[in-house]
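Asker: In UniProt numbering, the protein residues as written are 1 to 253.
One structure is given below, represented as structure tokens, and several questions about it will come after.
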């Protein structure tokens with residue numbers, strides 16, 4: 001069995017990441033310098049938060065990767081990629097997450113993430129055949145929803161920067177968002193995670209609604225916020241909570 005297939009088989013056989021698996025994402029220096037932090041990591045983050053049933057280990061690994069990439073925290077990104085692969089995230093999904101978040105977190109963060117991920121892919125035998133096509137057949141476009149989005153953006157910002165308006169339409173919503181190697185729900189999920197990590201909750205409303213339209217539940221969204229508090233910091237999550245609250249309340253009216 002190819003290394004990649006073996007990894008995938010093990011990933012789908014396991015429904016959660018073990019505390020032992022997670023502990024490898026914590027540098028040894030933490031125990032030497034900040035033993036209390038090591039204790040919080042092992043006893044609370046790894047043994048409790050990551051075990052929460054409200055959000056799958058696969059989704060937790062994906063949003064953690066998105067947050068770390070957005071924050072340019074590449075030192076232990078390789079360990080988190082290995083963890084994500086073992087939790088069921090595919091190499092194609094990792095690749096597509098990097099491509100997607102280049103537009104939302106910046107090219108520099110994406111290229112740095114690619115450098116950090118490359119050794120993991122090499123070690124696990126990931127080849128070009130396992131990665132998304134450069135020019136795949138795109139998913140169908142919701143023409144009505146896209147027309148409304150385009151009208152809103154053009155009306156508000158067409159006189160400010162038509163370049164942004166045009167590129168948002170052609171590159172993002174008529175191309176990037178329609179690439180098939182990442183489910184629409186997951187694209188929205190990583191986008192929301194990146195916005196929280198970047199401290200830009202004002203952009204969350206559209207993307208959180210889009211994620212929930214594509215299957216993300218309110219319980220999962222709430223669990224994502226709780227999870228990301230550990231990786232982005234409490235203040236960033238508290239800044240995102242009012243936006244999430246407004247989205248949840250509007251959807252129940």
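Yeah, the Cβ is synthetic: ideal placement off N, Cα and C, and Gly gets one too.
Apart from the five residues just before and just after residue 113, which ones in its own chain have a Cβ nearer than 7 Å to its Cβ?
Answerer: Taken in chain order, the residues that qualify are 69, 74, 77 and 98.
Asker: With 16 as the cutoff for other CB atoms within 10 Å, does residue 115 come out buried or exposed?
Answerer: exposed
Asker: For my contact list, residue 102 and residue 193 are in at a C-beta cut-off of 8 Å; report their separation, rounded to the angstrom.
Answerer: Between residue 193 and residue 102 the Cβ distance is about 15 Å, and since that is not below 8 Å, they are no contact.
Asker: Taking only the alpha-carbon atoms, compute the straight-line gap between residue 55 and residue 219 and give it to the nearest angstrom.
Answerer: 8 Å
Asker: Should residue 140 be labelled buried (16 or more other beta-carbon atoms within 10 Å of its own) or exposed?
Answerer: exposed
Asker: Hey, residue 185 and residue 211 are a contact pair by Cβ (cut 8 Å); roughly how many whole angstroms apart?
Answerer: 6 Å
Asker: Below 8 Å on the Cβ atoms is my contact criterion, and I expect residue 87 with residue 130 to pass it. Report the Cβ-Cβ distance as a whole number of Å.
Answerer: That pair is no contact at about 17 Å.
Asker: Could you check whether the stretch 169 to 181 touches the stretch 198 to 207, counting it as contact only if at least three pairs of C-beta atoms, one from each stretch, sit closer than 8 Å?
Answerer: No contact exists between the stretch 169 to 181 and the stretch 198 to 207.
Asker: Rounded to a whole number of angstroms, what is the C-alpha to C-alpha distance between residue 109 and residue 232?
Answerer: 16 Å
Asker: Leaving out five residues before and five after residue 154 in sequence, what residues of the same chain have Cβ atoms less than 6 Å from its Cβ?
Answerer: 165
Asker: Are the Cβ atoms of residue 191 and residue 243 separated by less than 8 Å?
Answerer: no
Asker: Could you check if residue 2 is buried or exposed, using at least 16 other CB atoms within 10 Å of its CB as the buried criterion?
Answerer: Any reading at residue 2 is ruled out, since the residue's pLDDT is 45, under 50, leaving its predicted position unreliable.
Asker: Between the alpha carbons of residue 35 and residue 227, how many angstroms are there, rounded?
Answerer: Each residue's alpha carbon lies about 21 Å from the other.
Asker: Quick check on DSSP: helix, strand or coil for residue 60?
Answerer: helix
Asker: Taking only the alpha-carbon atoms, compute the straight-line gap between residue 57 and residue 43 and give it to the nearest angstrom.
Answerer: Their Cα atoms are separated by approximately 17 Å.
Asker: Mapping DSSP to helix, strand and coil, what is residue 278?
Answerer: Limits of the chain in this structure are 1 at one end and 253 at the other, which puts residue 278 out of reach.
Asker: Distance, Cα to Cα, residue 239 vs residue 59?
Answerer: 22 Å
Asker: According to the neighbour-count rule (16 or more other Cβ atoms, all chains shown, within 10 Å of its Cβ), is residue 250 buried or exposed?
Answerer: Under the 10 Å beta carbon count, residue 250 is surrounded by fewer than 16 other beta carbons and is classified as exposed.
Asker: Quick one, are the C-beta atoms of residue 216 and residue 188 less than 8 Å apart?
Answerer: Yes; because the gap between Cβ atoms is below 8 Å, this pair is in contact.
Asker: Less than 6 Å between C-beta atoms, sequence neighbours within five positions excluded: which residues of the same chain meet that for residue 26?
Answerer: 41
Asker: Helix, strand or coil for residue 180? Go by DSSP, reduced to three states.
Answerer: Note: residue 180 maps to coil in three-state DSSP.
Asker: Any chance you could list the alpha helix (DSSP H) runs of at least 4 consecutive residues sitting entirely within the UniProt domain "Carboxymuconolactone decarboxylase-like" (169 to 246), in chain order?
Answerer: 184 to 197, 204 to 213 and 218 to 232
Asker: Considering only residues of the same chain and omitting the five flanking positions on each side of residue 63, which have a CB-CB separation below 7 Å?
Answerer: Once the five neighbours on either side are set aside, the close Cβ partners of residue 63 are 189, 190, 193, 224, 227 and 228.
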